[in-house]
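J.: Residue numbers (the numbering used here): 41 to 77. I'd like to ask you about the structure that follows.
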Amino acid sequence: MPGKVVLVGGVRTAVGKFGHGLKDVPAQRLGAIVLKS
Numbered sequence: 041m042p043g044k045v046v047l048v049g050g051v052r053t054a055v056g057k058f059g060h061g062l063k064d065v066p067a068q069r070l071g072a073i074v075l076k077s
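Shown next as structure tokens:
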């Protein structure tokens, strides 16, 4: 391996019940929100 991977920060994602508040938000959109943070 060329180098080590180091976490320098964290982001909390939304938490919800299956089939409720986030059911209409695609996984790609949730991922994009996390990456922009």
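Every residue gets a Cβ at the ideal spot worked out from N, C-alpha and C, and that includes glycine.
Can you tell me which of the three DSSP states Val-46 falls into?
T.: Here residue 46 refers to the residue found at position 6 of the sequence shown. Coil at Val-46, not helix or strand.
J.: Rounded to whole angstroms, what's the CA-CA distance from Pro-66 to Lys-76? Just pull it up for me.
T.: Along the sequence shown, one-based indexing puts residue 66 at 26. Along the sequence shown, one-based indexing puts residue 76 at 36. Rounded to whole angstroms, Pro-66 to Lys-76 spans 16 Å at the Cα level.
J.: Please report the residue range of the alpha helix (DSSP H) in which Leu-70 lies.
T.: Within the sequence shown, numbered from 1, the residue matching residue 70 stands at position 30. Leu-70 -> alpha helix (DSSP H) spans 67-76.
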